Amino acid sequence: QNLLRGKLALALFAVVLFLLQIASAILLYYYRIKKGNKAKNRYILITGAIGVLTIVYVSILVGREVLVHLFLFPYILFPLFIFTKKDIKIIVLAVTLDFFMINFIYWWHSQYQYILYVPPLLKNITRYFCLSFMTSGFFVFGYFFWKETNSSEEKIIQEQEKSDKLLLNILPTEIAQELKEQGYTKPKLYSSVSVVFTDFVGFTSIAEKLSPQDLVSELDRCFSHFDSIIKKYNLEKIKTIGDSYMAAGGIPLENKTHCIDCVLAAMEIQSFMARMQKIKQEQQSDYWQLRLGIHTGPLVAGVVGEMKFAYDVWGDTVNTASRMESSSVSGEINISQSVYEVTKDLFVCEHRGKIAAKRKGNVDMYFIKGIRKEYSVDGKGHVPNDKFQKVYQEIEKTT
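For the sequence shown, position 176 (counting from the first letter as 1) is numbered 190 according to the working numbering, and the numbering increases by one without interruption.
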């Protein structure tokens, strides 16, 4: 009865391990095929070659009825991992632990023969080593499968983060999230948005004197600084067209302060360009001056097309903002009547009268000359003070 019980237990043990190894081998094989990751150079010969040899050896010693020889098939199915110096330590540790574990099991069986029948020949120390290496092979296989799976998951997460970061450099956060979740975005009509346009004066004449590398470097230096200013005032960069830069406030998240934000950003941009001009003059180099225009009104914003997604805006407000820029003067911030109505209490505005604008006729335009004294630090009109911030917060809270 004990003999029968022992053989059944061994057979059941062999079948269970066989099925587990088959399942893990198929999963690993599928994983490698799917990921296109082919085993290269050094395979884990210990897990494969020694595993096969020990299985053959043990199956001959204990007999075919125990089904140990069936473990040969999984080794044919799965591609093996590559060892590193650190991995060798894991293998040595596994073999050592398994050796002591096997010896403990046999000692336990020798005390309680009714638990599992052990053929007398299996007490041979050589067979201890064989079974130890075999079980170590299972342990090592599982370890490397887990290791590579986790490593691949980390790489997938890292690549996903890179893709998300790249997507956020192209699209606003809210639009990118909507596009990821739904696969598309719907253009939205906004009742009030402020649009900023900039353009370099004399760009063509100066560009002709620069090498392509220097030209791109100068543009990158300016536009990168513009980007930081736009971000500081919670505006959305729309695009650059040649030497023109376009941004907007109040999209994709609507707010009440977008017009003020645009004016503050425009002042800081012109201040930066003035500093650049001074440096270039000291170096006796050519320098760019900037025209800047702002207009506020309704527009439509969204993403269109299926390739090379870009967040864009459409409507007469965009055209009028462009006219404000083209009708401006170097070093100035030209605003429309709608911008003036919103900002006149906080900023000093100089009425230019009615200026002819392409396809718009004669329209009222104003230059922003700075922040009003009572709302600026030291009354210099450059930096908003606490009083300005208080008014700003009150406007921000209005519904």
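We treat Cβ as the ideally placed atom computed from N, Cα and C, and that holds for glycine. Keep in mind that this is a model prediction, so the values were computed, not measured.
Per-residue burial, residue i [other beta carbons within 10 Å of its own, 16 or more giving buried]
| i | result |
| --- | --- |
| P201 | exposed |
| K137 | Because K137 sits at a pLDDT of 47, beneath the cut-off of 50, its placement in the model cannot be relied upon, and the following sentence gives the value as read from the coordinates. Exposed, because fewer than 16 other Cβ atoms sit within 10 Å of the Cβ of K137. |
| D228 | exposed |
| Q295 | exposed |
| R56 | Because the pLDDT at R56 is just 40, under 50, the model does not fix this residue reliably, and the value given afterwards should be weighed accordingly. Exposed, because fewer than 16 other Cβ atoms sit within 10 Å of the Cβ of R56. |
| A371 | buried |
| N376 | exposed |
| P134 | Because the pLDDT of P134 is 49, which lies under 50, any placement of that residue in the model is unreliable, and the question is left without a value. |
| D275 | buried |
| V230 | exposed |
| I60 | Low confidence applies here, because I60 scores a pLDDT of 43, under 50, leaving its location unreliable; read the following figure in that light. With 16 or more other Cβ atoms within 10 Å, it is buried. |
| Q127 | Residue placement at Q127 is flagged as unreliable, the pLDDT there being 47, under the threshold of 50; the coordinate-derived value follows with that caveat. By the 10 Å Cβ count, Q127 comes out exposed. |
| L414 | This structure gives no information on residue 414, because the portion of the chain shown stretches from 15 to 413. |
| V207 | buried |
| I171 | exposed |
Beta-carbon gap between residue i and residue j smaller than 9 Å
| i | j | result |
| --- | --- | --- |
| H396 | M281 | yes |
| M260 | V215 | no |
| S258 | T310 | no |
| A262 | I252 | yes |
| W302 | A315 | no |
| V339 | P266 | Position check: residue 339 holds Glu in this sequence, whereas Val was assumed. No, the pair does not count as a contact, with Cβ atoms beyond the cut-off. |
| R305 | R337 | no |
| L193 | L181 | yes |
| N333 | S342 | no |
| G384 | K368 | no |
When the options are compared against residue i, the one with the closest alpha-carbon
| i | options | result |
| --- | --- | --- |
| V353 | E195, M379, R289 | M379 |
| T331 | F211, E408, K358, C236 | F211 |
| G319 | D400, Y198, H272, P266 | Y198 |
| L278 | R305, N248, Q303, I255 | N248 |
| I283 | E408, E388, K179, S344 | S344 |
| I382 | K179, F237, I308 | I308 |
| F402 | I244, G393, K411, L360 | L360 |
| G264 | D234, N333, P312, P398 | P312 |
| F217 | S206, K246, C236, Y204 | C236 |
| F286 | K169, Q297, H272, H239 | H239 |
| S299 | P398, A221, Q196 | A221 |
| K411 | I244, E268, I243 | E268 |
| L233 | S205, M290, D178 | M290 |
| Q4 | Q407, V317, E346 | No answer is possible for residue 4: it lies beyond the span of the chain, which begins at 15 and ends at 413. |
Residue i: first and last residue of the uninterrupted beta strand (DSSP E) it sits in
| i | result |
| --- | --- |
| D392 | No beta strand (DSSP E) contains D392, which DSSP labels as neither H nor E. |
| K253 | 250–255 |
| I5 | In the structure as shown, the chain begins at 15 and stops at 413. Residue 5 is therefore absent and cannot be evaluated. |
Boundaries of the alpha helix (DSSP H) in which residue i is found, first to last residue
| i | result |
| --- | --- |
| Q303 | No alpha helix (DSSP H) contains Q303, which is instead part of the beta strand (DSSP E) from 303–317. |
| F381 | F381 -> not in any alpha helix (DSSP H); beta strand (DSSP E) instead, spanning 375–385. |
| F217 | 217–221 |
Whole-angstrom C-beta distance between residue j and residue i, which should lie under 8 Å
| i | j | result |
| --- | --- | --- |
| I184 | K270 | With a Cβ gap of about 27 Å, I184 and K270 do not count as contacting. |
| Y325 | P186 | 6 Å |
| C273 | V362 | 16 Å between Cβ atoms; not a contact. |
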